[in-house]
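Here the structure comes first, spelled out in structure tokens, and everything after it is commentary.
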Amino acid sequence: MSKEYDLKTDVLETIVGSTVVTTKHAALVAAFAARTEFRSARYVKTRDEFGSRPARVLDADGGEVAADYFGWVTEQLAKHGDSVERSWAAFEGLGYLVTEVEPVLHYFVYDRSPTLRNRQDDFVQIEVWAQQEFVERELFPRELGGWGLPSADELRGGAIYSASIERFERRNLGKTRYGLQAVTDMAVFLDLAESMWSDTHRRDGERRLIERDVTTGHVRELAARDLVPGYDRQRWAGRRFVEDWAASSAGHAGERICTRWVFKTSDYTAPDGRRTMSYTPAWTHTKKIAALENTHRLDDYGLYGKLNKLDERIGMPFAWFFYGLHGNLVRGGQLQRIVDAAEAGRIVLPEHDYQVLRAWSDDPYGF
Numbered sequence: 178m179s180k181e182y183d184l185k186t187d188v189l190e191t192i193v194g195s196t197v198v199t200t201k202h203a204a205l206v207a208a209f210a211a212r213t214e215f216r217s218a219r220y221v222k223t224r225d226e227f228g229s230r231p232a233r234v235l236d237a238d239g240g241e242v243a244a245d246y247f248g249w250v251t252e253q254l255a256k257h258g259d260s261v262e263r264s265w266a267a268f269e270g271l272g273y274l275v276t277e278v279e280p281v282l283h284y285f286v287y288d289r290s291p292t293l294r295n296r297q298d299d300f301v302q303i304e305v306w307a308q309q310e311f312v313e314r315e316l317f318p319r320e321l322g323g324w325g326l327p328s329a330d331e332l333r334g335g336a337i338y339s340a341s342i343e344r345f346e347r348r349n350l351g352k353t354r355y356g357l358q359a360v361t362d363m364a365v366f367l368d369l370a371e372s373m374w375s376d377t378h379r380r381d382g383e384r385r386l387i388e389r390d391v392t393t394g395h396v397r398e399l400a401a402r403d404l405v406p407g408y409d410r411q412r413w414a415g416r417r418f419v420e421d422w423a424a425s426s427a428g429h430a431g432e433r434i435c436t437r438w439v440f441k442t443s444d445y446t447a448p449d450g451r452r453t454m455s456y457t458p459a460w461t462h463t464k465k466i467a468a469l470e471n472t473h474r475l476d477d478y479g480l481y482g483k484l485n486k487l488d489e490r491i492g493m494p495f496a497w498f499f500y501g502l503h504g505n506l507v508r509g510g511q512l513q514r515i516v517d518a519a520e521a522g523r524i525v526l527p528e529h530d531y532q533v534l535r536a537w538s539d540d541p542y543g544f
């Protein structure tokens, strides 16, 4: 069942799947412009940290035995009493091959309100896999002689790389192909996620607790929120990130959050029916950026200078604050030093940046 924010359709899947993979995804961007409502969609980031995974099973001559590795392996294990050894023996010497795909995830964004600073969340995020199928090993390697085989769970799940297997020269099968992963209306996603966080936060704050003074024996009942100063002022980090962007020099300079960051979204419903939605931002820059190290040796002005140098490398103002919320390039302690220095008058920040930084200091958040 599709989610409230899901804009993925069969038509979009067909368009993406039938588009030829080209340098810088020019053909896909053109297809979005000519054949979809996302006419100004642009490519922003690639994530390539995913490992290869099994895809198909072939015979020794390259003929297809099964289009789905996982279904075929599950069926074979069931036939042979969940025994990898028996399954291996049944196919020993046949030279069956397993193909794998090496997935890379590309992000595209369609910004609905590119000129409106306070509508940073009004965009659609499109995630597209590019997968190259290849073959470089046998499914049940003959050289193992039945030794060093993966477990049934490893074989069933495709995590079979612990086996001592011999690989031959990699051979690509066909061309790299696109596959549509997700099309997310981020404005809807953020509204839903914030609403759910607020409901959960309110319920958690209303939980009744019993507090006992171990010295006097006095007992009192109180709400959980009473134990946390400022509990009712706390807000979802995902909304604060977007609003802080709009309020800061980044937003005032016309920078769009959807071209500087992509959002790895999560939507989970627990067995008890409680739904949790969140995201983790990932920067889109491709330059090598060094982390700010050993800044304890610098005075406040020197630290501020280093942070401004990072802005120059990134190519936008106040980038250092947002990089301090995620990743390891800027640390929370460095942000706090700037807050303290600004309050003491040792450095001067633009007022809108100071207000964002001050609010973070009062109630820190990050990802």
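With the working numbering applied, the sequence shown covers 178 to 544. Glycine included, C-beta positions come from ideal geometry on N, C-alpha and C.
Return helix, strand or coil for residue i, following the three-state DSSP convention.
| i | result |
| --- | --- |
| N485 | helix |
| K201 | helix |
| R380 | helix |
| E190 | helix |
| S339 | With a pLDDT of 49 at S339, under the threshold of 50, the modelled position of that residue is not reliable, and no figure is offered here. |
| Y128 | In the structure displayed, the chain extends from 178 to 544; residue 128 sits before or after that span and is not available. |
| S375 | helix |
| L254 | helix |
| W537 | helix |
| Y542 | coil |
| T472 | helix |
| E331 | helix |
| E304 | strand |
| H429 | helix |
Would you report the Cα separation of residue i and residue j, rounded to the nearest angstrom?
| i | j | result |
| --- | --- | --- |
| S339 | N349 | Interpretation of S339 is limited by its pLDDT of 49, a score under 50 that renders its predicted location unreliable; no figure is taken from the coordinates. |
| G240 | E313 | 15 Å |
| S229 | L184 | 28 Å |
| H257 | P327 | 15 Å |
| H529 | A423 | 10 Å |
| E346 | T199 | 25 Å |
| Y182 | L367 | 9 Å |
| M373 | Y478 | 41 Å |
| T453 | A414 | 13 Å |
| A204 | T196 | 7 Å |
| G482 | Q308 | 43 Å |
| P527 | D517 | 15 Å |
| E388 | A447 | 30 Å |
| Y220 | V301 | 12 Å |
| E190 | S290 | 25 Å |
Answer yes or no: do residue i and residue j have a C-beta to C-beta separation smaller than 9 Å?
| i | j | result |
| --- | --- | --- |
| A218 | V286 | yes |
| A329 | S260 | yes |
| W249 | P280 | no |
| A536 | D421 | yes |
| R294 | H429 | yes |
| P494 | A401 | no |
| G431 | V405 | no |
Assuming the contact rule is C-beta atoms closer than 8 Å, residue i and residue j should be a hit. Round their C-beta distance to whole Å, please.
| i | j | result |
| --- | --- | --- |
| T276 | A243 | At roughly 10 Å, the Cβ-Cβ gap does not stay under 8 Å, so T276 and A243 are not in contact. |
| H317 | Y273 | What sits at residue 317 in the sequence shown is Phe, not His. Confirmed, Cβ separation roughly 6 Å. |
| R490 | K464 | 6 Å |
| L282 | Q358 | 7 Å |
At a cut-off of 8 Å, is residue i close to the ligand GDP when judged by its beta-carbon and the heavy atoms of the ligand?
| i | result |
| --- | --- |
| A244 | Looking at this structure, you won't find the ligand GDP or any other ligand, since it has none at all. |
The stretch 494-510 contacting the stretch 468-482, beta-carbon criterion three pairs below 8 Å: yes
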